[in-house]
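Chains as they are written, first to last, in the working numbering: chain H, 173 to 687; chain P, 3 to 474.
Glycine included, each C-beta is placed from N, C-alpha and C at the ideal position.
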Amino acid sequence: MKLELRGITKRFGSLTANDHIDLVVRPGEIHALLGENGAGKSTLMNVLYGLYQADEGEILLDEKAQHFAGPGDAMAAGIGMVHQHFMLIPVFTVAENVMLGNEQTKAGGRLDLAAARARVREISARFGFDLDPDALVDDLPVGVQQRVEIIKALSRDAKVLVFDEPTAVLTPQETDELMVIMGQLRDAGTSIVFITHKLREVREIADRITIIRLGRVVGEAAPTASNAELASLMVGRSVELTVHKELAKPGDEALVVRDLSVIDALGQLVVNNVSFEVRRGEVLAIAGVQGNGQTELSEAIIGLQEKVLGSITLDGQSLVGMSVSRVLEAGVGFVPEDRNHDGLVGEFTIAENLMLDRSNTAPFVKRGTLQLAYLNQFAEEKTREFDVRSQGIQTPVGRLSGGNQQKVVLARELSRDLRLFVAAQPTRGIDVGSIEFVHKRIVETRDAGVPVIVVSTELDEVTALADRIAVMYRGSIVGIVPGNTSRDVLGLMMAGEVPDVITTVRADQIEGALL
Amino acid sequence: MSSQLSGPGSTAGATDLAGDGNLAGAGNLAGAGNLAVEVSDPATVSSATQHDRPDSSNGLARTIVKSWKAPIAFGIFTLIALVLFIVLGRDGISTFQLSNSNDLIQLPVVETPTRLAGVITTILLAAITVLAWLRVRANRRVPLWLTSIFGVLFLFGFLAWAAAGQTLPVPGLLVGTVSLSVPLIFGAMGGVISERVGVVNVAIEGQLLAGAFASAVVATITGSPYVGLIAAMVAGMLVSFVLAAFAIKYFVDQVIVGVVLNVLVVGLTNFLYSQVLSKNAELLNTPPRFDRIAIPVLSEIPIIGPTLFRQTIVVYLMYIAVAAVYFGLFHTKWGLRVRAVGEHPQAADTVGINVNSTRFRNVLLAGAITGFGGAYFTLVSVPSFNREMTAGLGYIALAAVIFGQWDPIRATLAALLFGFASNLQNVLGIIGSPVPSEFMLMLPYVLTIFAVAGLVGRSRGPAASGRPYIKS
């Protein structure tokens with residue numbers, strides 16, 4: 173089926189998320205939609221899927237104009253979507269999820285689960301999936317959940333399939349398998365729209381590439397285009413794709429973690445007997461697919477976890493059992509993975525957010541009163557130093573872009589005398605310019621002799637920044653390997669496997685580090 | 003550049019997985035003895051490979067968190083038993099009467115010596131407590147059946163003690179239990195549907211009261227209790243409509259709307275009662291009652307018959323309602339959609355289910371079912387409407403929903419438990435128990451608190467319950 177979008181425009185208040193976007197997807201091709209975070213890709217696809225109504229423009233399928241009042245209409249017209257955050261009900265089985273919204277019933281109104289199971293089996297057999305229709309979705313690994321999403325779309329005879337950032341949650345091996353599946357779908361005649369910001373994937377699988385920037389189509393490219401060409405189209409200027417850093421000069425061991433376990437409310441060992449150390453002046457990256465205990469590990473170091481066994485010592489001082497404020501006093505800087513939730517108070521101004529962790533001592537507070545003059549001077553200084561772009565230090569942080577918000581967090585955490593710096597997902601959801609900046613500051617912090625831990629699910633970021641890499645899987649550390657370990661090895665380790673031989677690559681072969 | 007794996011932290015999670023599974027891209031590692039290996043081009047992999055095992059699931063190792071809650075609770079109750087049944091033990095014979103005089107099949111009367119029963123019960127309770135303590139020490143859980151046996155034993159001991167020298171009518175105790183549970187069960191069914199679809203229904207109390215009021219007035223005017231029943235349903239839906247409109251359409255906090263609605267219905271019915279009903283009681287507040295209908299054969303089964311099958315039509319409707327809600331929720335398209343909307347409304351939306359209209363309709367349905375329960379007050383138990391005659395039962399019904407973990411059958415059992423506690427207090431009052439009646443009045447509520455806080459602990463409701471669905 174041929175899909176055509178003509179002049180799609182979608183506004184949210186004063187923000188124009190999509191500005192007269194034209195897009196043609198031919199039958200049996202994989203059409204990549206490339207753009208930075210916030211470029212308007214997902215908005216466009218939500219318009220296509222009927223979740224949003226376009227303010228202007230029209231959607232044509234095989235030259236016929238369509239009007240989608242909701243996802244039901246879009247599905248009926250043959251559009252399927254594999255969402256970035258899976259639209260599956262965790263407490264339902266695979267078969268129930270696939271049949272939902274499209275249920276077959278037997279006499280007496282009973283659900284025909286047998287038919288749904290057969291449908292799941294039939295479609296999974298077509299693609300060689302091995303999927304139990306009666307498994308609870310909650311119990312399935314993320315990669316398999318994605319296949320359930322694909323089956324869900326196919327069971328409604330989707331002719332156009334949209335993949336919205338499908339690789340964000342996958343291990344490298346799972347990503348490779350998804351690419352194969354997409355190839356199979358294309359060969360079967362399905363038109364595929366593939367939304368991503370990762371250049372590597374686009375060049376690998378796409379037949380044509382449309383690049384979107386700030387809500388507009390800025391160009392088309394062939395998959396033969398180089399990374400640098402694609403990146404500059406996407407960002408609007410030429411981009412440095414690698415992080416420049418000198419070889420680390422590690423000093424003494426500063427942070428020593430021994431036999432650390434974190435137990436959650438259900439009694440699960442979310443961090444399972446983990447030991448490692450970080451030296452002064454080195455970056456230890458903690459890699460792994462989201463949800464393998466990295467979050468809990470970083471929270472345990474900062475003192476946010478309740479049930480912690482084992483020891484964490486920083487320069488000989490034990491951090492276990494200390495309150496968060498004592499840990500901060502001990503010289504730990506922390507960039508939380510969800511800056512809007514844990515890192516900032518959205519309604520507070522930039523200046524107020526910059527002093528959040530120092531609200532009980534001089535020079536910010538004297539005799540119980542805020543030293544506003546000092547705070548303003550401090551904030552002016554820091555926003556300049558960290559290049560926070562805003563209308564002034566009294567702007568509420570919630571109104572800044574993701575990149576500028578992250579710079580505020582970074583400014584706050586790096587403006588203390590640090591003895592350890594922990595950055596969790598430091599560049600998640602921010603623009604390329606800010607990513608460059610954040611990476612530069614992390615390397616500078618390392619070079620100043622501070623031990624640094626970077627928690628990241630982005631393999632590119634890990635390989636770009638790390639001097640050593642610890643890979644986590646199901647709460648345990650699979651192994652700690654050199655920073656230039658090859659992606660294949662890291663990918664295997666992220667799936668819990670310990671390769672026999674660790675292979676490494678030369679630093680100049682690490683490409684696409686920022687995107 | 004190549005280095006050996008240094009894995010101080012590699013533990014069970016990694017080791018038990020090594021060795022199995024063939025993954026895409028694994029092949030190019032085989033000859034990886036040389037120092038640098040090119041990143042392979044995954045596009046050359048020609049077919050999708052299967053994982054033999056989950057790749058990135060959260061299958062984490064577990065550790066048992068020792069919970070001493072059960073042994074401690076058992077210990078406390080054993081102590082109470084010791085003090086009550088032995089130290090303050092009473093002499094005499096406790097008689098349990100198992101049949102009514104008009105039953106077809108007469109069961110013999112059970113007589114137990116009170117003090118002996120107390121001693122034996124206390125010893126058994128102590129034994130269970132020790133068993134539970136041993137299990138927890140050995141890192142095992144205290145099973146539910148042990149808790150159940152403990153509860154039944156304690157109850158037996160207590161009844162024997164309270165009925166020393168008296169006769170306790172068991173059929174009366176059970177019949178009353180069902181009677182007092184009827185509004186609770188209807189309320190709980192309304193609660194289950196509403197919460198399953200994602201709207202917290204605190205307004206059960208208001209729906210019950212509105213149902214009671216409407217059915218009394220309409221049944222009196224028309225002279226037909228059946229019309230009254232329909233009126234109760236409509237009144238419950240009206241209260242639900244306000245809840246749904248505010249909670250779903252205007253995103254007002256659902257708990258607040260519910261509480262406000264309850265207060266509103268109390269005020270409204272009080273006003274109408276004092277201004278209108280009490281002045282024209284003959285014309286407006288003397289509804290006809292439903293008669294008890296004995297179901298042939300079934301009603302003659304000893305104990306069960308009189309309890310379940312000599313009831314009014316409202317009770318039989320309740321059986322149907324419980325069965326229908328259970329079947330509907332778990333075996334029909336309607337139920338699948340209701341649960342989907344309450345768990346993950348966005349996912350439901352993306353498969354073409356209209357979330358807010360599904361919620362709206364089912365909150366109305368919940369109100370209609372709860373309204374039936376309200377009719378029970380005025381058309382079955384007391385043949386006239388009184389101020390605030392629901393007396394907080396709506397809140398107990400809500401507790402039953404949570405205690406029953408949002409499952410219609412379990413919520414019904416929970417409601418029956420509360421009904422039993424209420425009726426026990428009545429029966430003991432009649433036979434003259436040594437426990438102060440004020441204390442017995444607290445019993446159902448104490449039981450509610452213990453049940454919800456203690457036994458259930460952290461129960462997981464529908465994930466999106468209480469959260470409005472706002473489409474951007």
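Under the three-state reduction of DSSP output, K612 of chain H falls in the helix class. Residues of the same chain with a CB within less than 7 Å of the CB of T277 of chain H, apart from the 5 flanking positions on each side, are L283 and D284 in chain order.
Taking the C-beta atoms as reference points, F335 of chain H is found nearer than 7 Å to V254 of chain H. In this structure, DSSP gives Y378 of chain P a helical state, which the three-state scheme calls helix. The beta carbon of D436 of chain H lies closer than 6 Å to those of V442 in the same chain, with the five residues before and after it left out. The residue among H:H369, H:V429, H:A340 and H:R372 with its C-alpha nearest the C-alpha of V314 of chain H is H:A340. For V263 of chain H, the nearest CB of chain P lies under 7 Å from its own CB, placing it at the interface with that chain. Rounded to the nearest angstrom, the gap between the Cα atoms of Q209 of chain P and W135 of chain P is 44 Å. Here the segment 339–346 of chain P makes no contact with the segment 419–428 of chain P; the two share fewer than three CB pairs at distances below 8 Å. Under the DSSP assignment, H192 of chain H falls in the beta strand (DSSP E) whose first and last residues are L187 to V197. The shortest C-alpha to C-alpha distance from P185 of chain P to any of P:G260, P:I95 and P:M320 is the one to P:M320. Going by C-alpha positions, N444 of chain H is about 23 Å away from G488 of chain H.
Excluding five sequence positions before and after Q466 of chain H, the CB atoms of its chain that fall closer than 6 Å to its own CB belong to I458, G460, V627 and M644, given in chain order. At a cut-off of 7 Å, the C-beta of K251 of chain P has no neighbouring C-beta in chain H. When the beta-carbon positions are compared, A350 of chain P and G192 of chain P stay at least 7 Å from each other. Proximity of the segment 404–412 of chain P to the segment 321–335 of chain P meets the contact definition, three or more beta-carbon pairs being nearer than 8 Å. For V121 of chain P, the enclosing alpha helix (DSSP H) begins and ends at T116 to R139. Taking a Cβ-Cβ cut-off of 7 Å, the neighbours of E275 of chain H in chain P comprise K335 and L338, given in sequence order.
Within the same chain, and ignoring the five residues on either side of G651 of chain H in sequence, the residues whose Cβ sits closer than 7 Å to its Cβ are V643, M665 and V670.
Residues are counted here when their Cβ sits less than 7 Å from a Cβ of chain H; for the segment 164–182 of chain P the count is zero. DSSP, read as helix, strand or coil, puts L90 of chain P in coil. Against chain H, the beta carbon of D293 of chain P has no neighbour under 7 Å; the closest one sits roughly 32 Å away.
Under the DSSP definition of a beta bridge, S490 of chain H partners with H:T485. Here the alpha carbon of V172 of chain P sits roughly 55 Å from the alpha carbon of V320 of chain H. Straight-line spacing of the CA atoms in V365 of chain P and N358 of chain P works out to 10 Å. Following the DSSP letters along the chain, one finds N428 of chain P inside the alpha helix (DSSP H) bounded by residues P410 to I433. With a threshold of 7 Å between beta carbons, P422 of chain H makes no contact with chain P.
Close to P508 of chain H, with beta-carbon spacing below 9 Å, lies no residue of chain P; the smallest spacing is near 21 Å. Boundaries for G465 of chain H: no beta strand (DSSP E) harbours it, and the DSSP string shows neither H nor E there.
With distances taken between CA atoms, E553 of chain H lies nearest to H:I522 out of H:G575, H:E608, H:G570 and H:I522.
For K182 of chain H, the uninterrupted beta strand (DSSP E) segment begins and ends at L175 to F184. Note on geometry: alpha-carbon atoms of R385 of chain H and L195 of chain H lie some 14 Å from one another. Inclusion of E585 of chain H and V537 of chain H in the CB contact set at 7 Å is not warranted, their separation being larger than that value.
A straight line joining the alpha-carbon of E519 of chain H with that of E630 of chain H spans about 30 Å.
Close to P243 of chain H, with beta-carbon spacing below 8 Å, are these residues of chain P in chain order: D351, T352, V353 and G354. Residue range R380 to R385 is occupied by the beta strand (DSSP E) that includes T382 of chain H, with no alpha helix (DSSP H) assigned at that position.
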